[in-house]
Amino acid sequence: MIRLDTTSEQSIINMLREHNALNGQQIKQIESLSKESGKSQIETAFELNITNDTKVAQLLSESFSIPMAKLDEIKISEEIKKYTEIRFLKENYIIPFEVDNKSIKVAIADASKFSLIKNIQSLTKLEPELFAASIKQISDFIARLEQGAPVKSKNQKIEQIKKKQANVPLEVESDVIAFVDKILNKAIKLETSDIHIEPFKDTAHVRFRIDGVLRVMDEFSDFLNKDPLNYNSVVTRIKIISKLDIAERRIPQDGGSNFKYGDKEMDLRISIMPTKNNERIVMRLLNKEAGDVSLNQLGFADQDLKLLEEAINSPQGMVLVTGPTGSGKTTTLYSILKTINKPSMNILTAEDPVEYELEGVGQVQVREDIGYTFETALRSFLRQDPEVILVGEIRDKATVDIALKAALTGHLVFSTLHTNDAPSTITRLQNMGTPDYLISAACTLVMAQRLARKTCQECRVPDDRINPKTLTSIGFTAEEASRIRPVIGKGCSACASGDSGVGNGYKGRMGIYEILKITKNIKDAILRQATTVELKQVAKQDNFRTMQDMGKELIATGDLSFSEYQRILSLE
837 MIRLDTTSEQ
847 SIINMLREHN
857 ALNGQQIKQI
867 ESLSKESGKS
877 QIETAFELNI
887 TNDTKVAQLL
897 SESFSIPMAK
907 LDEIKISEEI
917 KKYTEIRFLK
927 ENYIIPFEVD
937 NKSIKVAIAD
947 ASKFSLIKNI
957 QSLTKLEPEL
967 FAASIKQISD
977 FIARLEQGAP
987 VKSKNQKIEQ
997 IKKKQANVPL
1007 EVESDVIAFV
1017 DKILNKAIKL
1027 ETSDIHIEPF
1037 KDTAHVRFRI
1047 DGVLRVMDEF
1057 SDFLNKDPLN
1067 YNSVVTRIKI
1077 ISKLDIAERR
1087 IPQDGGSNFK
1097 YGDKEMDLRI
1107 SIMPTKNNER
1117 IVMRLLNKEA
1127 GDVSLNQLGF
1137 ADQDLKLLEE
1147 AINSPQGMVL
1157 VTGPTGSGKT
1167 TTLYSILKTI
1177 NKPSMNILTA
1187 EDPVEYELEG
1197 VGQVQVREDI
1207 GYTFETALRS
1217 FLRQDPEVIL
1227 VGEIRDKATV
1237 DIALKAALTG
1247 HLVFSTLHTN
1257 DAPSTITRLQ
1267 NMGTPDYLIS
1277 AACTLVMAQR
1287 LARKTCQECR
1297 VPDDRINPKT
1307 LTSIGFTAEE
1317 ASRIRPVIGK
1327 GCSACASGDS
1337 GVGNGYKGRM
1347 GIYEILKITK
1357 NIKDAILRQA
1367 TTVELKQVAK
1377 QDNFRTMQDM
1387 GKELIATGDL
1397 SFSEYQRILS
1407 LE
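Just so we're aligned: the sequence shown equals residues 837 to 1408 in this note's numbering.
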């Protein structure tokens, strides 16, 4: 019988399921027959010929980019016997099979054994090299070891690893899995956008970006700082779930994963970067339902919404959405596409990365590492007979020129730029070398946006620090400043993000927008190469409302605090 421990068996089952080598019906069949026969699930799967140990080993090798070991060709040396203990090998199905002055080669049958690698390195003072091997090969190798001479206890180094594993909670893989799961569950509950796991010289901590601001989550610090190996194990676990190379610690790696949390389907984008102290992890959480937001839910004023709807329902033209990273541009663009999407329309998008999947829309992942850039994607789109094109980001003159020409030839084009406000977007295009006539003819609307934290409704109190003079400094008239009473959240359980029960006075976020319609006056200003300041003055004559204007309105209603206005809207 194959006597794998429960963790190893589940690790193999999960790997087979993730790679579609097992389906739900087969898993139920295996579980049922396993209980009836008293055999392990893996042995049952082998007997049913659903898979075999060779396929499992090959899948392990491919999934984690580790080479296959040919244990049946390995001659057992006296040197390798110093690092083996039969009982431990039988319990764990892990085989050290070759050693030199600097490294020790170790064969494993499943990914759950990654948690032992750091210990092997610490206790043998050798660098472990991982190999995949079939369960049968490992069993045969153990049998060959049993036939040899007994190993003296003083050399049983891997047995010492096992003993240490029993004493340190970290070494139990389930504790590491539970810790990472706890971080993800907490992050989802708090509607976190990014998770930072950061190492320093003597400590490590976890930070969540909640409502656009990073906060240290002290509840996770104890586990990371209790033992130096804890952080390494967490890094390894995250590399495993994102299908990254666990042995590579010298260069940055990017990966991803997806999972379900209740009824929600979540995407996880993972970036791992080596630092002086250890590898730093940033995980971006993407709730697939977050892309399912209508334009009416984004907080546009009636006048601005009318301008936007006119532009996105036009047969051609370019609509640009601008703002810094994390300002909600992608959500706005997806809402626009969902609004105009219908069976009679061919919509194509080039994104880096594709954040949410839209039914009925052709979405393309840009791959700059292989030369598939936004420019290349846009050229190919024009041969695909589209009505609507979305270019994730305009990064160079070639891309903007193609996009603008497409907007002039019967296509509706959407894209993004990183600029401070809507009028400066025109200047940015000009600075990129784009002809003025092309900008004025093709652009129909530019929208700039920010995301601001909303003052908690449960704990709003008057902000006594803000006087009328302070309000006039941001553009309120003296009369307005005398009657406005700014508020601030004092912090309560409703806006709490941690276990303290007291929040920071903010709950949720809202969009702050400015929409610049390219009117005849604006076009004339573009053609005479007006400055950003002049463009803004012309726009205000056409009833253009800035983000600062909207922010002041929100201060008056109490939804926006003065400090939040300064954080995201203060003019340089």
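Every residue, glycine too, gets a C-beta built ideally from N, C-alpha and C.
Ile1238 carries a helical assignment under DSSP once its states are collapsed to helix, strand and coil.
Taking the Cα of Cys1279 as reference, the smallest distance to any Cα among Thr1252, Asn1303, Ile1404 is reached at Thr1252.
Between Phe933 and the set Arg923, Val1129, Gly1159, Lys918, the nearest pair of CA atoms involves Lys918.
For Ile848, same chain residues with a beta-carbon under 7 Å away, outside a window of 5 residues either side, are Ile878, Val892, Asp946 in chain order. Within a 10 Å sphere around the beta-carbon of Thr1393 sit fewer than 16 other beta-carbons, which makes this residue exposed. Collapsing the DSSP output to three states places Thr1161 in coil.
The continuous stretches of beta strand (DSSP E) do not include Arg1085, and DSSP gives it neither H nor E. Judged by pairs of C-beta atoms under 8 Å, the region 1099–1119 touches the region 1029–1042, as three or more such pairs exist. Contact annotation: the region 1099–1106 touches the region 1114–1121, with at least three C-beta pairs closer than 8 Å.
For Leu895, the enclosing alpha helix (DSSP H) stretches over residues 889–900. A Cβ-Cβ separation of about 7 Å places Ile1176 in contact with Asn1149 under the 8 Å criterion. Collapsing the DSSP output to three states places Glu883 in a helix. In the three-state reduction of the DSSP assignment, Leu1156 falls in the strand class, which pools E and B. With 16 or more other Cβ atoms inside 10 Å of its own Cβ, Asp1257 counts as buried. Residue pairing of Thr1291 in beta bridges, as defined by DSSP: Tyr1342.
Between the beta-carbon of Ala1186 and that of Ala1213 there is about 4 Å, and that keeps the pair under the 8 Å contact cut. As DSSP reads the structure, Arg1203 sits in a beta bridge with Tyr1208.
When secondary structure is reduced to three states using DSSP, Ser1329 falls in the helix class. Gln1293 has its alpha-carbon roughly 18 Å from the corresponding atom of Ile1320. Between Ile974 and Ala1040, the alpha-carbon positions lie close to 37 Å from each other. Short of 7 Å from the beta carbon of Gly1048, and not among the five residues preceding or following it, lie these beta carbons of its own chain, in chain order: Gly1162, Leu1287, Arg1289, Arg1345. When only Cα atoms are considered, Asp1063 and Gln1089 end up about 25 Å apart. For Glu867, the enclosing alpha helix (DSSP H) starts and ends at 860–873. The C-beta distance from Leu1281 to Leu1143 rounds to 7 Å, short enough to meet the 8 Å contact threshold. Within the DSSP bridge table, the entry for Thr1185 names Gln1199, Leu1226 as partners. In this structure, DSSP gives Arg1045 an extended state, which the three-state scheme calls strand. DSSP places Lys1096 in the strand class (E or B) of the three-state scheme. Each residue's CA atom was taken as its position, placing Arg1296 and Ile902 some 56 Å apart.
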